[in-house]
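Numbering (the numbering used here), first residue to last: 2 to 1065.
Note that CB positions come from ideal geometry on N, CA and C, so glycine has one too.
All of these numbers come straight from a predicted model, not from anything done at the bench.
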C-alpha cells in the first residue's frame, strides 16, 4: 500500500489564494496520479470537523480544525480513497487541530494506526511545542504495542544526519543539521521506539528535501513518515514526489509499506432501491405504469394466505412494475470541476510541466511563462465555474417559468444546505469510552435510541381506570369504504423518504384504480382479521445533527423515523376517523396538529393576554413547561385505557394497538443498519397518528389539573359588538366569562395565572398529574416569567424540591416573548434569522447574473420575507419597529437589484423596481387578514374570546394608554379607508374580505410612495434658505427667540425652523 504526507497550505477556496478554486478536487487528482491509498494532510485551514467526498478525484476528505470564529493557521486531516473509505471499520478520531488518527484493519487481524500531525513552527513558544509533543506522546502510547504505527505530517523540524547520536531513530541518509524542534522530535522517537524512514534510503537530496526556505532558498527535510523501529522491514521506500503540484511550497512525501487490506466484508448493509420517480411527471409514462400495474395485479388473490405473504406479493408486484417501467435513478454528483475535468486537468498538467522545467533551469523567461500559465489556469477555472452556475441558474429559471415549484424550491433548499449525520466516533453513555468502529458506532446508536424510546416511568393505572366513561363513537367501527382508502392515498405527500419496503407514495397515487382496489381489499382483510404486516411495524431511524453541541455525543442528534408508506396510508385512514372524535374531546386551548389552528393562534393568544394584563394594571405570571421525551414516554397501556374512556370502541383501539405492539426499530447510517430493537413505549414516532394520540392523552392529563384548581386569568368577552367600543363589555347580561389557564401546542404547555400563588398551584397540581399518568417534567428546561406592572418581582415557583429558573425572555414556538411585553427582542431575532437565510442565498441566487429579477424577488418573498414576518399577525408595532424592519427589507432589495447608496436612488424607486411593497404594507395585509380570520372563528375558540375581551378585574390608568393591538388595527383600517365600525360585517365573507384587504393595501402603498416622492421633490425644489448670522457679543444668537448657539450647524437648523413657521 502507498501512503502520503502533504502540507497543502490550505483546502479553503478563496479568491485571495494563488490556487484556483476547488482545492480538494486538485489535491484528489494529484494523489490519484501517484495511486496513494491514504494521505495525511496538514495545514488544511478548514473549520470545525467534517467529511467531503470528491467523486471525480476518487477521495474522501476528513478534517479537524478550529472553530469558525477563530483564526485558523493549522488543521489536519486525511484523504482516503473512496473504495477504502467505504470499507472503514473505524472513523478518524480527532485529537486536536494538530493531531488526528485513523485506524485501518489490515489482513491477518493486524491494524495500522495512521497519525496525521502538523507541529508548531519554529517561532512558536516552548509551551506550545511542549503541549503538542505531550498530546502526541499520549496518542502514541494509547496504541497497543502489537499494532503498527505510521506517523506522518509536517513536523516543522530538522533532524539532521547525526546517525551515531541517534542510531535507531535516524538512518545514515539524513539531510542538513538538527535544530531545536528537531531535537524534540528525535527525543520523542527515541522514547517511543520510533524510526524516521525518510533517512533510511540512499536517494539524491532532491528526493528527500520537502521544503525550500523562502529567503535562503535552501531545501530542508521537515515532512516525515515515521514507523515503529520493529516495523522498518515493512517499509519499501520513502521519497519525495517532485511532480505533485497543488500550489503549495511543500513537496509530497510517499511511503510504500508491505501491507494488504483484508477482503471487504459488508455485514448489516441494506440494498436501497432508488426509483426514477421523475419519469412519472411524463403523462405517457404515468399511463404506462398504471396500465402495466393493472395487468400485473390481475392474477393476484389477496384473500388467500397469511397477511405478510399477501402484502409481500402485492408490494413485490408494485416494485417490479415500477422498476421495469420507471427504472432506477442514477445519482448524479453535480460539480463544476468534475464536469470540466478534461479541460482543467490538461491546463494543470501544462502548468506542472512548466513548473518542473523552471525548477531545473531557473530562467527568467520560464518564470514569466509559468506566471502566465498560472493566470490562464485560474481564468479557465473561473470560466468553467461561471458556465456551470449559469446553466444551474437557467435550469432554476426554467423550473420557475414552467411552474414546477416543488423542484424549484428543492433546488433552493439544496443551495441553503441541509443538516446531515456526521460520521464521527461516538462517546459511550458515561462519556468515558470512544467508539470508533462501524459495529461499535451502530451498536452505540442502537443503545442510545433503545434507551430513548423505551422509557420506564411509573403510571397509576388504577387512577386511569377511574376516569369517567364517555359515550362510545360507534361510527369508528363502520366497514372501510373504497372512498376512504382513495382519500388516504391522495393525502400522502410526494417526495418523502421510504421505509423498509422502499415503496414511495407516488407509486400508490399513480397506480390506478386496480391498485386502489387491491389496497382496499388488503385493508379490509386487516380490519376484519385484526392483523397488519410486520413491515408496517418496522421503522428505520436516521440521526440528524442538531447544529450545535459535541458531534461525538448522541444527544446532539435528533432521530427521524422512516416508516412504510402503505402503513402510513392505513394509519391515515384511522386518523381521518379519529379526528371526528378528537375535535369533540380536545380542549380549545390545544392549538397543535388540528385543522384551522397553528402556532400563530397560540402566539397571538399569549401576547394578547400579556397586553390586556398590562393595559388593566394586572400582574401576569407564566410557566413554560417542558416534558422529558414527551411523545416517547407515553405509557401505552394507559393510552389505550384513555382512548376507551373518551369514546373509542374496543375494535378501533385494537387496530391502533396493532400498529404499536411488536414494533421494531433499527438505526441506519448510510447503508449500514444496526440490530433491531423493540420499542415498547410512547406513540409511534413518525406516524401520522402520533400527534393526535398524544394530544388526546395530554388533554386528559391537563384536565386533571383543572378539576382541582381554579387559578388562571379570568376574562369577560362579547363577540357580537364593536371591537373598538369598551362600553359593550359593560352590559352584564350580554357578556360571557372564561378562565384561561393554559395555552398548549402539542407538548408545549404554558400555564398563565394572575398571582404567584396561583401559578404555584397550577405547577404543583400538574406535576402530580404527570406523575400519575407516567410523564416527567424537565426541571432544567421548565422556566417561569412574570409580567410585573409595578416593578420586577422575584418568583420562587417550586417543582418538587427544585426552584424553577426565572427568565425575562423565552423563545415560544419560534417567537420571542419578554417580561416587558415589548417587541424589541422579537424584531432583532427576526432580522437575525432572515439575515442568515439571505446570506446563504446571496452568492448563489441573488448574486447570479443568469436568474431573472422576477425569480430572485420570488425567492426572496418565499424564503427570506416569511422569516422577517413570522408571527407578525400578533405584533403590536410602533413606528420604530416598522422603520427597523423596513431598513433591513430595503437593504436586501438593494443588494438583489445591485443598487448602491452612492447611486442616490430613492427607496420608493427600489420598491417599484423590485415589484414589491414596504414592510408596513405587508404587516397591514397580514394583520387585517388575521383579524378577519379571528372574527369568522366560532365563538368558543380561545383566540377569539381573548381578542374580544378584557380582564374581569383591573383598571386602566388615567391619561394616554400604551399602544394596543386593536389600536394598530384601527390605524391600519384608517389608512386603508376601511370603516372601523363596519369591518366585522365585511370580514364575515372571506373571499370578499381578502380581496378588499389586498386592494386597499395596494392603494395605501401607492399613496405612501407618492407622498414620499412628493415630499422629497418639495424638499429638493425648495430654494436654499438665506441665513444671516447674528452675533451678539461674539455669540451666535437667534434674533427671534434670543436662543444662543455654540456652532453654526445648530444655528442654521434653528433658523430654518423659524422660516418654515413663517411660511406656514
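Whose C-alpha, out of the options, is nearest the C-alpha of residue i?
i           : options             : result
residue 892 : 880, 906, 879       : 906
residue 177 : 966, 387, 44, 161   : 161
residue 494 : 555, 560, 567, 465  : 567
residue 164 : 149, 101, 1029, 174 : 174
residue 331 : 277, 281, 313, 308  : 277
residue 497 : 509, 299, 486, 998  : 509
residue 487 : 454, 577, 462       : 577
residue 90  : 820, 430, 442, 100  : 442
residue 823 : 612, 464, 136       : 612
residue 819 : 839, 799, 788, 838  : 788
Leaving aside the five residues before and after residue i along the sequence, list all residues of the same chain whose C-beta is less than 6 Å from its C-beta, in chain order.
i           : result
residue 423 : Residue placement at residue 423 is poorly supported in this model, since its pLDDT is 46, which falls under 50; the coordinates still yield a value, given next. Cβ neighbours of residue 423 beyond the five flanking positions: 546, 552.
residue 67  : 73, 98
residue 46  : 11, 13, 73, 76
Measure the alpha-carbon distance for residue i versus residue j and round it to whole angstroms.
i           : j           : result
residue 13  : residue 43  : 13 Å
residue 596 : residue 690 : 14 Å
residue 664 : residue 972 : 57 Å
residue 794 : residue 760 : 14 Å
residue 780 : residue 994 : 46 Å
residue 428 : residue 434 : 6 Å
residue 209 : residue 199 : 7 Å
residue 558 : residue 225 : 38 Å
residue 283 : residue 393 : 22 Å
residue 991 : residue 626 : 36 Å
residue 797 : residue 805 : 7 Å
residue 285 : residue 887 : 49 Å
residue 491 : residue 570 : 9 Å
residue 116 : residue 102 : 4 Å
residue 445 : residue 432 : 12 Å
Specify, as a first and last residue, the run of the beta strand (DSSP E) that residue i falls within.
i           : result
residue 810 : 810-813
residue 790 : Neither: residue 790 is in no beta strand (DSSP E) and is coded neither H nor E.
residue 1   : With the chain covering only 2 through 1065, there is no way to say anything about residue 1.
residue 667 : 665-670
residue 624 : 621-626
residue 927 : No beta strand (DSSP E) contains residue 927, which is instead part of the alpha helix (DSSP H) from 920-937.
residue 239 : 236-242
residue 153 : 149-155
If we call anything under 8 Å between Cβ atoms a contact, is residue i one with residue j?
i            : j           : result
residue 170  : residue 190 : yes
residue 744  : residue 583 : no
residue 751  : residue 601 : no
residue 810  : residue 826 : yes
residue 701  : residue 468 : yes
residue 883  : residue 831 : no
residue 953  : residue 573 : no
residue 1068 : residue 928 : The first residue shown for the chain is 2 and the last is 1065, placing residue 1068 beyond what the model contains.
residue 1    : residue 381 : The first residue shown for the chain is 2 and the last is 1065, placing residue 1 beyond what the model contains.
residue 1    : residue 36  : Here the chain has residues from 2 to 1065 only, and residue 1 is not among them.
residue 39   : residue 9   : no
Since residue i is in the alpha helix (DSSP H), which residue starts that stretch and which ends it?
i            : result
residue 182  : 181-193
residue 528  : 514-530
residue 1066 : A query on residue 1066 cannot be resolved here, the shown segment of the chain reaching from 2 to 1065 and no further.
residue 996  : 991-1022
residue 1060 : 1049-1064
residue 104  : Segment 100-106 is the beta strand (DSSP E) holding residue 104; no alpha helix (DSSP H) there.
residue 206  : Here residue 206 belongs to no alpha helix (DSSP H), and DSSP marks it neither H nor E.
residue 826  : 825-842
residue 295  : 284-298
Suppose the cutoff is 8 Å on Cβ atoms and the five residues either side in sequence are ignored; what does the same chain contact list for residue i look like?
i            : result
residue 33   : 58, 59, 60
residue 790  : 614, 615, 618, 619, 620
residue 974  : 929, 980, 981, 984
residue 1067 : What the structure shows of the chain is the stretch from 2 to 1065, and residue 1067 is not part of that stretch, so it cannot be assessed.
To which residues of the same chain is residue i closer than 7 Å at the C-beta, ignoring the five residues directly before and after it?
i           : result
residue 853 : 398
residue 986 : none
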